[in-house]
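Have a look at the structure below before the remarks.
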Amino acid sequence: MHTLGVDIGGTFTDFTLVDEGEREVAVEKEPTTPDNPAVGALSGARRLLESEGVGFEDVEAVIHGTTLVSNTLIEQTGAKTGLLTTEGIRDTLRLRRGSRYDMFDWGMTYPDPLVPRDRRLEVGERLDDAGDVVTPIDREQVREQADRLVADHGVDSIAVSLLHSYVNDEHERVIGSVLEEEYPSVNVSLSSAVVPVIREYERTSTTAINAYVAPVVADYLDFLSEELAAEGFAGEVYMMTSSGGVVDVRTAKAEPIRLVESGPAAGVLASRIFGESHGHDDVFSFDMGGTTAKGSVVSDGEIQMKYATDIARVHRFKEGSGYDIVSPLIDLTEIGAGGGSIASVNEVGLIEVGPESAGSDPGPVCYNRGGDEPTVTDASLLLGYLDPETFYGGRMELAQERTERVFDRKLAEPLETSTTEAAWRVFEVVNENMATAFRRYAASRGIDTRGLSMTALGGAGPSHAFRVARKLDIGEVICPFGAGVGSSIGLTEAPRMYETSSTQQALLEDLDRDAFEQQFRPLYEEAREVLSRANVDEDAVEVDLSLDMRHVDQGHEIEVPLPADAIDDVTADAALEAFARAYEETFNREMLEFPVEVLTYRLELSEANDDRAAAQLAAPTDRVAQPSTRSVHFGPAYGSVETDIYRWSALEPGIQLEGPLVIEADQTTVVADPDSTVSVADDYDVTISLEEQRATN
């Protein structure tokens, strides 16, 4: 049987087909179809399966990563949504936290709430912070408010977020039952089911986002499932989550908030796999596609996590300027720097690149599909990094002369420089933008990138990695065979996994073994049910437990991983020891002589690692060939250099080559500068060793 990974990006959709018996991989790439991403996904899947002589009926599972949730929020194309909340807090979404994401921007703005005020209605109920009922809920009032939302405002989806429902979900369940009785076709998201954690703003924001995107995600997944079934597919569809695991379609429909960073998460997972295969536990993951570039760090073989972020930002790269969510996510940074990023000359005569992108439609100028703005991919073509005849396996002949004319008119002439120099400036600006963003990301987490190895993934990653790595003082770049579709490879290796959490605030000294089990047991049962739907045997699962803890009266808690791997093994003493370690690692000082409290309980349940070897791309059948040559520009330090051009599939395993050189594949291109050495592993992975530059610029 086979597993098919499908990762939809902003410009291209990537595919990986794994023969589970032979553990061999075949890959494909297809331009993304923005109007309906499923169309491009199905088209590329058909072509890949046909080329491999495999039918849809031979595919056991489709693992899918998508930008649908984030795009729905950015484009504001979600469902018409209402909110039912406790009397007195209907304006929580507008008031937010009252903090500023940019202290020096007096014109600072936030996105408008997804639910406008006239669709945020109150219910006269009240719980105290212990979950005890202060004011009972009135079912008739709930019915009246639901009628206003559905009949008067025509909402398609309703978010329910009541004060203190994370402690006691009784009142939210009453509202859920009324809505199901009266309006069974309306989507309902209860905060106590989506994100039962403390802090009403973050919980309400997350629930509202979930309600806003849920109907869109459900329609998309229904369409995709129907089309796959029509092709003869009878297996299971799984969705990649932001935390690096996969879940079944039913879970994805109920909690689409978990899909917001599914594609980027798969890239980090792939980087860990490729790093391990080269003996590296500490890896900087660099994934650059047509629209964005992502960076993340794998430390000691562990992928770093976070549990809150904001998305669809007013200022894309200003943290805090978007919609806040609470959800488990792989910790990464993203920047609007991709092959399609548009370059321009600003008012002071300097090159700017991104964050606007030409995407896949119309795409860069060189695609010859109507694009008329110079982009990073166009610059790579003019610098000699891309071959206009062999790009994308020869299926898309690049328009070199048209690209030169656009660069001359829009960049070179205003800058009073040559076309090649203008292209180099675009290339360097986007590399510096990425390096700066990655440097800030690493520094904010106390990480020194020097000494790390970099994995370069994505259609554009391996051609930019040599410059980004030098700027980060990274001396080694690993370009895996199949790097151009790295995220989809990560999809096929992702475990079926579910993480859930709940809040119950208490002093640590008041908790015993039974109290911990009482909190973790419902989380385990919830996760077990999700994994059961994903066909995971209960006897073949692994448990990871953690607590959000802090000293009493501190404003922020820290995540504390617990050493126990069973929910009945957690004790207060073990939690205190774990807190002391985490506190010292976080703040570089010993914990205080002050009471400690627990706020949130987290449980991750995943299928056990079966120690399978990672699937490998099938060995190329091309004969070892001598390189061709062409002129390639490497900036003012080197100028234009006659450079060897290799076909990746025609390289000899074990060979070592001196830079400069270019290595071409159907899905990506590797570029190495003159001060580098390139080695080819037995599995055709390419490693660039960056020596100290003999020339400087």
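Position one of the sequence shown corresponds to residue 1093 (our numbering), numbered consecutively onward. Idealized CB from N, CA, C, for every residue including glycine.
Residue 1080, DSSP secondary structure in three states: The first residue shown for the chain is 1093 and the last is 1789, placing residue 1080 beyond what the model contains.
Which same chain residues end up closer than 8 Å to residue 1676 when comparing Cβ atoms and leaving out the 5 residues on each side of it in sequence? On the sequence shown, position 584 is the one that residue 1676 refers to. Cβ within range, chain order: 1682 and 1683.
When we look at the beta-carbon of residue 1198 and count the other beta-carbons within 10 Å, is it buried (16 or more) or exposed? If you number the sequence shown from 1, residue 1198 lands on position 106. With fewer than 16 other Cβ atoms from the protein chains shown falling within 10 Å of its own Cβ, residue 1198 counts as exposed.
At what residues does the alpha helix (DSSP H) containing residue 1674 begin and finish? Counted from its first residue, the sequence shown places residue 1674 at position 582. Looking at the DSSP string, the run of the alpha helix (DSSP H) that includes residue 1674 is 1664-1679.
Whole-angstrom distance between residue 1524 and residue 1560, CA atom to CA atom: Along the sequence shown, read from residue 1 onward, the residue named residue 1560 stands at position 468. Along the sequence shown, read from residue 1 onward, the residue named residue 1524 stands at position 432. Spanning the two alpha carbons is a distance of roughly 7 Å.
Got a sec: is the Cβ-Cβ distance from residue 1660 to anything in chain B below 8 Å? Here chain B cannot be found, since the structure has a single protein chain.
Based on Cα-Cα distance, which residue from 1626, 1533 and 1253 lies nearest to residue 1328? Here residue 1328 refers to the residue found at position 236 when the sequence shown is read from its first residue. Closest by alpha carbon: 1626.
Alpha-carbon spacing of residue 1595 relative to residue 1282, whole angstroms: Within the sequence shown, residue 1595 is the residue found at index 503, counting from 1. Within the sequence shown, residue 1282 is the residue found at index 190, counting from 1. For residue 1595 and residue 1282, the distance between alpha carbons rounds to 15 Å.
In the DSSP assignment, what are the bridge partners of residue 1546? As a first step, residue 1546 is located in the sequence shown; it is residue number 454 there, counting from the start. 1376 and 1569, per the DSSP bridge assignment.
Neighbourhood of residue 1483 by C-beta, 6 Å cutoff - its chain only, sequence neighbours within 5 removed: The residue given as residue 1483 occupies position 391 in the sequence shown. Scanning its chain for C-beta atoms nearer than 6 Å, with the 5 sequence neighbours on each side dropped, one finds around residue 1483 the residues 1490, in chain order.
Taking only three categories from DSSP, how would you classify residue 1263? The residue you call residue 1263 lines up with position 171 of the sequence shown. Reduced to three states, the DSSP call for residue 1263 is helix.
Please classify residue 1254: does DSSP put it in a helix, a strand, or coil? Taking the sequence shown and counting its residues from 1, the one referred to as residue 1254 is at position 162. Residue 1254 falls in the coil class under three-state DSSP.
With burial defined as no fewer than 16 other Cβ atoms inside 10 Å of the residue's Cβ, what is the status of residue 1104: buried or exposed? Within the sequence shown, residue 1104 is the residue found at index 12, counting from 1. The residue is buried, with at least 16 neighbouring Cβ atoms inside 10 Å.
Backbone CA spacing between residue 1153 and residue 1365 [nearest angstrom]: For the purposes of this step, residue 1153 is taken as the residue at position 61 of the sequence shown. For the purposes of this step, residue 1365 is taken as the residue at position 273 of the sequence shown. If I take the Cα positions, the gap works out to 21 Å.
Could you pull out every unbroken alpha helix (DSSP H) segment of at least 4 residues lying fully inside the region 1485-1534, listed in chain order? The qualifying runs are 1492-1499.
Enumerate, from N- to C-terminal direction, the unbroken beta strand (DSSP E) stretches of 3 or more residues contained entirely within the region 1268-1332. 1279-1282 and 1328-1332
Short Cβ contact (8 Å threshold) for residue 1217 with residue 1178: Counting from 1 along the sequence shown, the entry for residue 1217 is found at position 125. Counting from 1 along the sequence shown, the entry for residue 1178 is found at position 86. Yes, Cβ-Cβ distance for residue 1217 and residue 1178 is below 8 Å.
Out of 1485, 1492, 1389 and 1736, which has the shortest C-alpha to C-alpha gap to residue 1532? Counted from its first residue, the sequence shown places residue 1532 at position 440. If we check each option's Cα against that of residue 1532, 1389 comes out closest.
Inter-residue spacing [alpha-carbon to alpha-carbon] between residue 1498 and residue 1592: Here residue 1498 is taken as the residue at index 406 of the sequence shown, counted from 1. Here residue 1592 is taken as the residue at index 500 of the sequence shown, counted from 1. Cα-Cα distance, rounded: 51 Å.
Is the region 1568-1580 in contact with the region 1548-1558, if contact means three or more CB pairs nearer than 8 Å? yes
What does the alpha-carbon distance come out to for the pair residue 1447 and residue 1305? Numbered from its first residue, the sequence shown carries residue 1447 at position 355. Numbered from its first residue, the sequence shown carries residue 1305 at position 213. Whole-angstrom Cα-Cα distance: 24 Å.
Label residue 1776 either buried or exposed according to how many other C-beta atoms from any shown protein chain fall within 10 Å of its C-beta, with 16 as the threshold for buried. As a first step, residue 1776 is located in the sequence shown; it is residue number 684 there, counting from the start. Residue 1776 should be labelled buried.
Between residue 1256 and residue 1220, is the Cβ-Cβ spacing less than 8 Å? In the sequence shown, the residue the question calls residue 1256 occupies position 164. In the sequence shown, the residue the question calls residue 1220 occupies position 128. Residue 1256 is a Cβ neighbour of residue 1220, given a cutoff of 8 Å.
Using three-state DSSP, classify residue 1447 as helix, strand or coil. Your numbering for residue 1447 matches position 355 in the sequence shown. DSSP places residue 1447 in strand when its eight states are reduced to three.
Which first and last residues belong to the alpha helix (DSSP H) in which residue 1584 is found? The residue you call residue 1584 lines up with position 492 of the sequence shown. Residue 1584 -> alpha helix (DSSP H) spans 1578-1585.
Under 8 Å between the Cβ atoms of residue 1349 and residue 1302? Position 257 of the sequence shown, counting from 1, holds the residue named residue 1349. Position 210 of the sequence shown, counting from 1, holds the residue named residue 1302. Contact flag set, yes.
Ordered along the chain, which non-local residues of its own chain (more than five positions away) have a Cβ less than 6 Å from that of residue 1567? Translated into the one-based positions of the sequence shown, residue 1567 becomes position 475. Taken in chain order, the residues that qualify are 1782.
Around the C-beta of residue 1526, are 16 or more other C-beta atoms found within 10 angstroms, so that it is buried, or is it exposed? Here residue 1526 is taken as the residue at index 434 of the sequence shown, counted from 1. So residue 1526 ends up on the buried side.
Could you say which of 1472, 1579 and 1394 lies nearest to residue 1761 if we only look at CA atoms? To locate residue 1761, count along the sequence shown from 1; it is residue 669. The shortest C-alpha separation from residue 1761 is found at 1472.
In whole angstroms, give me the CA-to-CA distance for residue 1407 and residue 1713. Within the sequence shown, the letter at position 315 stands for residue 1407. Within the sequence shown, the letter at position 621 stands for residue 1713. Straight-line Cα distance between these residues: approximately 48 Å.
From residue 1461 to residue 1286, what does the alpha carbon distance come to, in whole angstroms? The residue labelled residue 1461 in the question sits at position 369 within the sequence shown. The residue labelled residue 1286 in the question sits at position 194 within the sequence shown. A direct Cα-Cα distance of roughly 42 Å separates residue 1461 from residue 1286.
So what does DSSP say about residue 1152, is it helix, strand or coil? Counting from 1 along the sequence shown, the entry for residue 1152 is found at position 60. DSSP places residue 1152 in strand when its eight states are reduced to three.
Measuring straight from C-alpha to C-alpha, what distance separates residue 1773 and residue 1141? For this step, residue 1773 is matched to residue 681 along the sequence shown. For this step, residue 1141 is matched to residue 49 along the sequence shown. Whole-angstrom Cα-Cα distance: 28 Å.
Let me check understanding here. Comparing Cα to Cα, which of 1102, 1112 and 1106 lies closest to residue 1094? Locating residue 1094 in the sequence shown gives position 2, where the first residue counts as 1. Out of 1102, 1112 and 1106, 1112 has the C-alpha closest to the C-alpha of residue 1094.
Whole-angstrom distance between residue 1479 and residue 1492, CA atom to CA atom: On the sequence shown, position 400 is the one that residue 1492 refers to. On the sequence shown, position 387 is the one that residue 1479 refers to. Roughly 9 Å separates the two Cα atoms.
From the DSSP output, read off the bridge partner residues of residue 1120. On the sequence shown, position 28 is the one that residue 1120 refers to. 1107, per the DSSP bridge assignment.
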